[in-house]
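See structure below.
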Amino acid sequence: MPGERLNVIALISGGKDSFYSLLHCMHHGHRIVALANLFPNVDGNQSSEVQVIRPDQPVDSSSSTPAENDASEDLNSFMYQTVGHEVLPLFAQATGLPLYRQPILGSAVRHERDYDYTLDEQGSAPAGDETESMLPLLRAVKAHHPEANALCSGAILSTYQRTRVESVALRLGLTPLSYLWKYPVLPPLHGGAVDEAQLLRDMAAVGLEARIIKVASAGLDETHLWERLTSETGVDRIKASLRRFGVSDGASIGEGGEFETLVVDGPAALFQKRISVPENGRMVIPDGGGSFWLMLRGAHLQDKLDSAEQVAHLSVREPGLLDARFQTVSQSLQSSSISYKDDAAMNTSKLINKSLVQANLDIDNIYWAVIADSHPIGKSIQHEMINVAQKIQSLLSSKGLESSAITSAIIILRDMSDFLKINEEYGKLFQKPNPPSRITISSGDLVPEGRNVVIYLTVPVSNSKVIRSGLHVQSRSYWAPANIGPYSQAVETAVTENGEPTNLRVVRIAGQIPLIPASMVLPTPSETALQDQAVLSLQHLWRIGSDMKVQFWTSAVAYIARQPSEGSARESAKLAGKLWLLAHGSPDDEDEDEEDGPDPWELKHNMQYQSLGEGEACAPRASVPHWSIFTLSQQNEPTTCIPPVFAAEIESLPRGSLVEWHAHAGLKGIEENSAELVRHASIRNGRWMAWHLVVKSHATVLYTTMAYSQDDHSGATKFQALEQELSIAYKESLGELQPGVTIPDRVVPYLGYVNMNKVGELWTRSDSGVLPPFAVVPCHSLWSSIGDRLGLVALYETILTTGNEE
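In the working numbering, the protein residues as written are 95 to 900.
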């Protein structure tokens with residue numbers, strides 16, 4: 095199903111990536127309205143005057159401006175390619191598109207990877223940062239082309255560049271497009287092995303001619319200058335040269351600054367003329383440290399042959415929607431022999447030391463449940479959300495925290511159609527990069543009477559001591575859905591013990607719905623729509639988890655939109671269970687699923703990575719899960735390592751999705767043989783099940799999932815009674831895991847799910863008279879991974895300590 099047609103401003107540097115991204119925009123039916131370029135400010139003039147070069151405007155083909163030609167050094171920029179800028183004016187006539195140009199103003203003032211754009215008291219942008227040069231340039235383009243509503247750029251692996259383009263684009267109301275984002279790790283042609291250089295081959299296949307005009311890496315020298323990179327010969331030579339000096343494969347696309355290129359021709363759908371630079375106009379300039387670049391003179395346009403090429407259809411390779419792992423998963427779901435091995439379990443622990451006898455609950459995080467006061471009831475949803483936002487601010491202030499401390503939010507609506515209305519007020523809470531991850535669902539009339547929104551927040555206690563990082567991709571790509579607005583794909587913090595961070599880190603990932611990343615629409619409806627959507631949305635979760643280096647999930651839920659019958663809900667739950675099992679694979683798959691290493695910007699500018707040895711920094715990391723974290727005995731029985739998953743039938747999901755995956759937490763920083771998953775299947779006469787994920791770090795951390803089985807003959811249970819039963823069952827499960835452990839009298843999970851058809855009086859018991867004592871998601875039905883009915887699921891985080899610790 096195609097998305098809407100956008101009118102795109104193409105931000106170009108003259109290099110291969112920006113032009114190939116532009117071609118992908120055209121491939122998706124978008125209209126390119128103008129080209130935009132920032133060039134080096136060689137004379138120091140701080141004027142932001144924009145040059146407009148129209149396609150019918152002749153350009154001096156013998157030389158560029160004297161000032162540009164006389165530049166004897168490349169004016170390097172963290173953000174923009176500057177070498178070859180003297181040729182850029184020719185692109186207007188070569189492509190038939192108007193070109194808008196402006197000098198780069200300022201320098202890289204803010205070096206953080208994720209761009210923190212905040213206005214000062216006078217409403218001005220970050221002073222002197224070169225990123226802000228885009229604003230006046232793009233405003234000028236919009237003034238001439240008011241229909242423009244999107245901006246494309248060539249970011250591939252650089253979060254530094256992508257976040258800055260996104261910041262400016264969104265401030266101007268432009269949809270950011272980065273179709274090359276993560277392109278090197280996306281499904282290759284014909285199911286072959288992932289090869290970063292496939293990008294260059296795809297460029298060559300579409301007819302893009304890119305020449306190397308700068309080299310700045312060991313293995314490359316002046317003999318590589320003006321080589322046609324986008325050719326089989328060029329690809330092979332660049333890879334061989336870099337490998338000879340031990341440079342990683344990822345360097346073959348030049349994303350780490352190893353080389354820079356100039357596009358001189360392309361497919362007829364874009365290039366009406368080609369650019370030619372005479373041999374005597376290509377002057378080699380040594381730049382020190384083994385770096386060389388070309389000063390180009392005499393660049394001019396040449397007519398292209400009037401042949402069938404002129405009417406050739408643009409043929410751009412679009413990466414497959416599913417990668418190899420999830421293609422296999424999807425095909426395997428058709429097999430009736432596949433079943434979730436829920437009976438497979440390890441029920442004893444080999445990691446827990448007998449000296450660990452004190453259980454401390456929820457010491458890492460504050461968990462807040464927020465609902466509007468009674469006075470806004472009956473008013474608009476906006477008034478209700480304003481009241482909720484004020485309460486959130488008050489809670490933060492009471493703890494001396496800012497909203498940037500929040501790591502995740504669960505938003506439960508009565509009516510999904512209210513989402514846009516509440517999102518505006520919710521978004522005002524978050525003005526800094528990497529806002530909390532977010533899960534949004536509708537529970538319909540299962541929410542408290544008279545209320546339309548309930549919000550649950552997770553806030554680390556020791557946020558001042560724990561470095562927070564995140565992933566917030568707001569550009570459309572082929573990789574995973576863009577998160578445009580006040581939520582991130584993922585936010586990472588550390589697990590703490592006594593307020594001090596341990597090596598173990600927790601990644602909170604946003605709920606994933608099955609949007610096609612490139613178009614941000616749902617897949618075309620089909621007879622297997624639920625399966626198709628469940629596979630695609632789980633792949634989104636896996637890709638984000640892999641990018642964040644998640645080693646293992648603690649637990650997960652598949653939210654299923656309201657089903658026509660109980661039988662349909664049960665089958666949907668069984669489908670989710672099979673899919674979860676298949677996605678985890680087995681230890682034999684681990685070597686086959688490798689991903690890209692650190693962001694090239696990190697390798698070049700981040701001291702954390704500069705301190706690593708080259709081999710360590712560039713080593714590939716296995717995808718989720720990392721089987722090596724488990725004890726050897728459990729690795730030998732991989733079905734015992736599958737984290738618990740269940741299905742919750744709710745009212746509706748964003749965009750009309752049929753399914754949304756919510757992994758409760760992803761863990762990283764686990765050492766080899768330092769984790770185990772222990773399951774107790776028969777707590778309190780078999781009515782309760784418990785899964786304990788044991789992780790041994792500086793502390794021994796438990797992530798526990800409790801589930802209450804409720805068969806068809808069970809009557810309704812009051813929530814208060816079930817909560818008391820839960821507390822007893824949880825203590826018994828810990829006793830099974832670690833006999834003699836001391837447990838606090840009041841045991842409260844951080845999150846629960848309740849089958850409202852089997853559990854009553856949820857909202858009638860609490861200090862406020864509305865909310866239960868812990869965060870609860872009300873469901874129409876609740877199911878295990880094998881289709882057994884559940885009444886309640888509850889999640890705990892516990893740290894085991896020695897008895898003499900507080």
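Cβ atoms here follow ideal geometry from the backbone N, Cα and C, with glycine treated the same way.
Our two residues, S821 and R840, have alpha carbons roughly 8 angstroms apart in a direct line. Per the C-alpha coordinates, the member of S613, I347 and S531 positioned closest to L100 is S613. One Cα belongs to R508, the other to V547, and the distance between them is close to 6 angstroms. Counting only runs that start and end inside the segment 795-829, there is no alpha helix (DSSP H) element of at least 4 residues.
Using a Cβ-Cβ distance cut-off of 8 angstroms, the segment 656-676 and the segment 788-798 are not in contact, since fewer than three pairs of beta carbons, one from each stretch, lie closer than that value. Of the candidates T895, S666 and H566, the residue whose Cα lies closest to the Cα of T257 is H566. Going by C-alpha positions, K236 is about 42 angstroms away from R331. A distance below 7 angstroms between beta-carbons, with the five flanking residues on each side excluded, links Q606 to the following residues of its chain, in chain order: S631, H634, L635, E754 and W755.
Three or more pairs of CB atoms, one per stretch, sit closer than 8 angstroms, so the segment 862-876 contacts the segment 833-848. Residues I106 and G248 of the same chain have their beta carbon placed closer than 6 angstroms to that of S112, with the five preceding and five following residues left out of the count. In this structure, T858 sits away from V451, with a CB-CB distance that is not shorter than 8 angstroms.
According to DSSP, residue pairing for H394 in a beta bridge involves S370.
Between the beta-carbon of V629 and that of L416 there is about 7 angstroms, and that keeps the pair under the 8 angstroms contact cut. Excluding the 5 residues flanking it on each side, M440 has same chain C-beta neighbours closer than 8 angstroms at S727, Q728, E731, T734, E770, L771, V772 and R773, in chain order. In terms of Cα proximity to F724, the closest of I578, Q487, S443 and I549 is S443. Distance from the Cα of E660 is smallest, within the candidate group Q366, A584, I638 and A741, for A741. Residue environment analysis places Q151 among the exposed positions, since fewer than 16 neighbouring C-beta atoms fall within 10 angstroms of its C-beta.
With contact defined as three or more Cβ pairs closer than 8 angstroms, the segment 820-836 and the segment 478-486 are not in contact.
In this structure, the straight-line span from the alpha carbon of P529 to that of Q366 is close to 44 angstroms.
Where G521 is concerned, the enclosing alpha helix (DSSP H) starts and stops at F513 to G521. The residue from S680, G750, E743 and A363 with its alpha-carbon nearest to that of L876 is E743. Excluding its 5 nearest sequence neighbours in each direction, L191 has C-beta neighbours in its own chain below 7 angstroms: I126, A128, L129 and P149, listed in chain order. For the segment 227-272, the full-length alpha helix (DSSP H) segments reaching 4 residues or more read 228-238 and 253-265 along the chain. When DSSP assignments are scanned along the segment 612-695, the uninterrupted stretches of alpha helix (DSSP H) that are 4 or more residues long and fall wholly within it turn out to be 623-641 and 660-678. The C-beta of N447 has fewer than 16 other C-beta atoms within 10 Å across all chains shown, which makes the residue exposed.
Take the alpha-carbon of W320 and the one of P361: they are about 20 angstroms apart. The segment 585-598 and the segment 613-625 do not touch, with fewer than three beta-carbon pairs separated by less than 8 angstroms. Here the segment 227-242 lies against the segment 264-272, with 3 or more beta-carbon pairs under 8 angstroms apart. Between L294 and L323, the C-beta spacing is below 8 angstroms. With 16 or more other Cβ atoms from the protein chains shown falling within 10 Å of its own Cβ, A345 counts as buried. Under the DSSP assignment, E326 falls in the alpha helix (DSSP H) whose first and last residues are E326 to R338. Under the DSSP assignment, R99 falls outside any alpha helix (DSSP H); it carries neither an H nor an E label. Of K515, D296, S571 and T176, the smallest CA-CA separation from L388 is found for T176. Around the Cβ of K333, a 10 Å sphere holds 16 or more other Cβ atoms; the residue is buried. Of the candidates I500, S498 and R532, the residue whose Cα lies closest to the Cα of F513 is R532. Counting only the Cα atoms, G881 lies some 7 angstroms from E665.
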